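207 is the number that my numbering gives to position 177 of the sequence shown; each next residue is one higher, with no gaps.
Virtual Cβ for every residue (Gly too), placed ideally from N, Cα, C.
All figures in this text were calculated on a predicted structure; none of them were measured in a lab.
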Amino acid sequence: MKMLINNKSIAIVGGGPAGLTLARLLQLKNANVKVYERDVNQYARVQGSPLDMHEDSGLAAIRKAELLEEFKKTYRPGADKMLIVNEHAEIVFSDHEGKPDEDFGAEHFRPEIDRGPLRNMLLASLKPETVVWDSHFISMEPQDDGCLLHFKNGTSVYADLVIASDGANSKIRPYLTGHQPIYSGIIMLEGNVSKDKAPHINALINGGKIMAFGNAKNILLGQKGNGDLGFYASFRADENWATESGLNFSDPLQILEWFKKFYPEWNEIWYELFEHAATPFIPRPIYYMPLDQTWETKSNLTLMGDAAHVMPPFAGEGANMAMLDALELSEYLSNSSYSTLQEAISTYENKMRKRAAVATKESLDNGERMHSEKALATMLNFFEGHLHSK
């Protein structure tokens, strides 16, 4: 069953959810796998917004990784509760009362988990020394039938198979394809504030999520496991807005003044998010990969997650698609019906690109809806219809 990867050394570059999930799945098949991660250690980076896991992708991978029971101890019940509000913070939709009970296996149940606990759960499932920290990828070159990888810390390692899981700005993708991410036209300005510093918004969010729409602009919020509020001001702007704006993203009062001018119709209740936020704010231009991308399959290199198909976050599919990549790639690499690694990888890549294109199109379409003048009415109809279909 494991003929293709028997006696093969596998290097996964990037220790995000997809890379760690793949390492776990391959180790369950007794593969020889290492994860090379640029972070100095597992505590080196502040993790971003929570993730909602979908039944047929993220949760399917967690089940296959034999981690569902651990996940149930780690996820945050109730964190997927949703409010839709207008620019005055008036509630126009809430599923807090009508939401079904937490039900693993139900089609529409999307349990939320913070990125840090998810990463820790996956790390704990791996064999000791699987993750090689402080491994910032610099370059690689062909060697024998595999590749020799070079890292910033001066080390070099050989692998028979390299799997790029190093994100939207992948340094490995150019070794396989010339496709580059395309700017979507939308900027998301990320902030984080203690719940104690934003009491009115904290009372409104009530442990769940808020989507606020008004005047073709959004604020999207989620409560983190420690109670902090992670939020994004989401709006259309030039790709170089962050530098052209002249803003100091480490000065909350300056960002507050920007918000007052750029979101002039919005209620003062939102000011507490910006005035007391931890700094710096992080401007994030939103990118996606071409829907029709293709490349020639190699026998010793492939892509997964954002490295392969970065997409906007407006359908909640990015991490889920990445974890489904891990699930499917692990199955193809251990499938005895393929005679060569290249054949197995080609099958994976063709299927991955097709479903990623569908998810990317959905994300782009949602982004258009959410940043239109009619966003509030459009999203209200969407969520009301979604709730009634359950």
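6 angstroms Cβ shell around residue i - same chain, five flanking residues per side excluded
i, result
"G252", "S79, P80, K239, G260"
"G221", "F261, A307, F311"
"T207", "W325"
"H118", "N297"
"P147", "T104"
"T408", "R399"
"F139", "D133"
"N396", "F344, A345"
"K349", "The residue asked about is misnamed: residue 349 is Ala in this sequence, not Lys. Correct list, in chain order: P47, L81."
"E171", "L178"
"I35", "A61, L363"
Nearest to residue i (by Cα), restricted to the options the options
i, options, result
"F304", "D190, A349, A48, I249", "I249"
"L191", "V115, K328, E117, F344", "K328"
"A95", "T408, K381, N380, E361", "E361"
"I202", "F181, A189, M218, S169", "S169"
"P310", "N278, W296, K291", "N278"
"G244", "N60, L50, I114", "I114"
"S376", "L333, G397, G346", "L333"
"K111", "L234, A345, W288", "L234"
"V63", "Q284, G108, V162", "V162"
"E347", "T370, S369, L371, Y318", "Y318"
"G335", "G255, A194, P282, P343", "A194"
"E392", "Y368, N411, P343", "P343"
"M151", "A53, V223, K59", "A53"
"D175", "F167, A189, H230, K182", "A189"
"Y73", "K384, M341, D164, I35", "D164"
"P282", "E67, F123, K227", "K227"
"F134", "L98, E120, E67, Q372", "L98"
"M241", "V223, A91, N116, L359", "N116"
"P204", "I217, L371, E269, A337", "A337"
"G255", "A61, L55, Y293, V223", "V223"
"T370", "M341, L394, N330", "N330"
"L219", "Q372, F292, S155, E171", "F292"
Beta-carbon proximity list for residue i, same chain, < 7 angstroms, skipping 5 on both sides
i, result
"K225", "N232, G257, D258, L259"
"K157", "Q57"
"A109", "P80, E142, G237, G238, Q253"
"M31", "In this prediction, M31 scores a pLDDT of 44, lower than 50, which makes its location untrustworthy; the coordinate-derived value is nonetheless stated afterwards. Answer for M31: S364, S366, listed in chain order."
"Q284", "L277, N278"
"E414", "F123"
Burial state of residue i, where buried means 16 or more other Cβ atoms lie within 10 Å
i, result
"E159", "exposed"
"V423", "Nothing can be reported for residue 423: it is not among the residues displayed for the chain, which extend from 31 to 420."
"N37", "exposed"
"T51", "buried"
"G184", "exposed"
"D86", "exposed"
"H84", "buried"
"G276", "exposed"
"H339", "buried"
"I42", "buried"
"I121", "exposed"
"S200", "buried"
"E358", "buried"
"A374", "buried"
Neighbourhood of residue i by C-beta distance below 8 angstroms, restricted to the same chain and skipping five residues each side
i, result
"L286", "Y301, F304, E305"
"A507", "Nothing about residue 507 can be reported from this structure: the residues present for the chain run from 31 to 420 only."
"R75", "D69"
"S186", "L178, L179, H180"
"P320", "H209, I212"
"F289", "A263, W296, W300, Y301, F304"
"H166", "R68, F181, K182, N183"
Closer than 7 angstroms: residue i CB and nearest the ligand MG heavy atom
i, result
"D82", "Among the components modelled here there is no ligand, and therefore nothing to report on the ligand MG."
Min CB distance residue i to chain B below 8 angstroms
i, result
"H306", "No chain B is present in this structure, which holds just one protein chain."
* **Contained alpha helix (DSSP H) runs [length at least 4] in the segment 210-264, N- to C-terminal order** => 229-235
* Asked: Would you call the segment 133-144 and the segment 34-48 touching, i.e. three or more CB-CB distances under 8 angstroms?
  -> no
* Asked: Is the segment 210-217 touching the segment 353-361 in the sense that three or more CB pairs, one from each, lie closer than 8 angstroms?
  -> no
* To do: Specify whether the segment 97-116 and the segment 376-392 touch according to this definition: at least 3 beta carbon pairs, one from each stretch, less than 8 angstroms apart.
  => no
* To do: Determine, using beta-carbon pairs with one atom in the segment 319-336 and one in the segment 366-380, whether at least three such pairs fall under 8 angstroms.
  => yes
* Asked: Going along the chain, which unbroken runs of the alpha helix (DSSP H) with 4 or more residues stay wholly within the segment 265-343?
  -> 271-274, 282-292, 301-305, 336-339
* **Uninterrupted alpha helix (DSSP H) stretches inside the segment 85-165 (no shorter than 4 residues)** => 88-94, 98-104, 145-154
* Entirely within the segment 363-388 and at least 3 residues each: give me those beta strand (DSSP E) ranges in chain order. => none
* Asked: Of all the beta strand (DSSP E) runs that stay within the bounds of the segment 38-64, which reach a length of 3 or more residues?
  -> 39-43
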